[in-house]
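Asker:
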Amino acid sequence: MKLYIKYMVSLRCKMMVKAELKKLGLQHEVVELGMVEVYGDMTSTQREQLKRNLLSSGLELLDDKKSILIERIKNLIIEMIHYSDEVPKLNYSDYLSEKLDYDYTYLSNVFSEVKGITIQQFIIENKIERVKELLLYNELNLTEIAYKLHYSSVAHLSNQFKKVTGLSPSFFKKLKQKRNSNLENI
Numbered sequence: 000m001k002l003y004i005k006y007m008v009s010l011r012c013k014m015m016v017k018a019e020l021k022k023l024g025l026q027h028e029v030v031e032l033g034m035v036e037v038y039g040d041m042t043s044t045q046r047e048q049l050k051r052n053l054l055s056s057g058l059e060l061l062d063d064k065k066s067i068l069i070e071r072i073k074n075l076i077i078e079m080i081h082y083s084d085e086v087p088k089l090n091y092s093d094y095l096s097e098k099l100d101y102d103y104t105y106l107s108n109v110f111s112e113v114k115g116i117t118i119q120q121f122i123i124e125n126k127i128e129r130v131k132e133l134l135l136y137n138e139l140n141l142t143e144i145a146y147k148l149h150y151s152s153v154a155h156l157s158n159q160f161k162k163v164t165g166l167s168p169s170f171f172k173k174l175k176q177k178r179n180s181n182l183e184n185i
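Mapping of the sequence shown onto numbering that gives the first Met the number 0: position 96 corresponds to residue 95, and the numbering continues sequentially without gaps.
(1) Would you report the Cα separation of R71 and L141, rounded to the nearest angstrom?
(2) Taking the beta strand (DSSP E) that Y3 falls in, what are its first and last residues?
(3) Determine the extent of the beta strand (DSSP E) in which M34 is found, giving its start and end residues.
(4) Go through the segment 27-102 residue by residue and report every complete run of the alpha helix (DSSP H) that reaches 4 residues or more, in order.
(5) Over what stretch of residues does the alpha helix (DSSP H) that includes L156 continue unbroken?
(6) Within 8 Å, do at least three Cβ pairs link the segment 37-48 to the segment 10-18?
(7) For the segment 143-160 against the segment 101-121, do three or more pairs of beta-carbon atoms, one drawn from each stretch, fall closer than 8 Å, so that the two count as touching?
(8) Within 10 Å of its beta-carbon, does V130 have 16 or more other beta-carbons around it, so buried, or fewer, so exposed?
(9) In angstroms with no decimal places, state the Cα-to-Cα distance between I77 and S152.
(10) Could you give the DSSP three-state label for L135: helix, strand or coil?
(11) So L32 and M7 are supposed to be a Cβ contact under 8 Å. How far apart are they, rounded?
(12) Using alpha carbons as the reference points, say which of Y91, L134, D84 and E138 lies closest to T117.
(13) Taking the alpha helix (DSSP H) that T142 falls in, what are its first and last residues?
(14) Give the straight-line distance between the Cα atoms of S83 and L95, rounded to the nearest whole angstrom.
(15) In three-state terms, what does DSSP make of S9?
(16) So, for V30: in the same chain, excluding its five sequence neighbours on each side, which residues have a beta-carbon less than 7 Å away from its beta-carbon?
(17) What does a CB cutoff of less than 7 Å around K65 pick up in its chain, not counting 5 residues either side in sequence?
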């Protein structure tokens, strides 16, 4: 039986969900971002208890089909941007269509209707968040970050970063360094 869970977007969330399943005596086959597959069926009592336990941790067990589809779209995008180092062989629209087995136009319309933003805007927001992380960790330079996140050029990354944050990547990095040095002087 497959269960879909909203806001399950990190490895820590996966560990927490596994612990909740174990508490309820539920054996799981798969635990992925946003989705759990348990062996057999759950009783209504187990389902309600899992729903309450997840809710107390900031996660939500989903029931309606549109919400489930939206979470699957979001989790695929988050996984691809934040957790995968592979260069995708397909563009995002083809990748999502293939993984979810729906026409991209349908996915895009449902996503926009429910979330109020396009899939492309969601992808850009997540890519910029990832750029911020990589800039703060200071492990990669801007050229390497642009390549890693599949930007056509450093200029494209910089323009998109500035459009979303209002800052250039280099200014953002300087702000962080200045803040860190101020904290050290306290």
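Backbone N, C-alpha and C define an ideal beta-carbon position, used for all residues, glycine too.
Answerer: Let's see:
(1) 30 Å
(2) Start and end: K1 to K5.
(3) M34 to V37
(4) 43-55, 64-77 and 91-99
(5) V153 to T164
(6) As far as the Cβ criterion goes, the segment 10-18 does not touch the segment 37-48, which means the pair count is below three.
(7) The segment 143-160 makes no contact with the segment 101-121: fewer than 3 CB pairs, one atom from each, lie closer than 8 Å.
(8) buried
(9) 22 Å
(10) helix
(11) 6 Å
(12) Y91
(13) L141 to K147
(14) 15 Å
(15) In the structure shown, S9 sits in coil (DSSP, three-state: anything other than H, G, I, E or B).
(16) K13, V16 and K17
(17) V109 and V113
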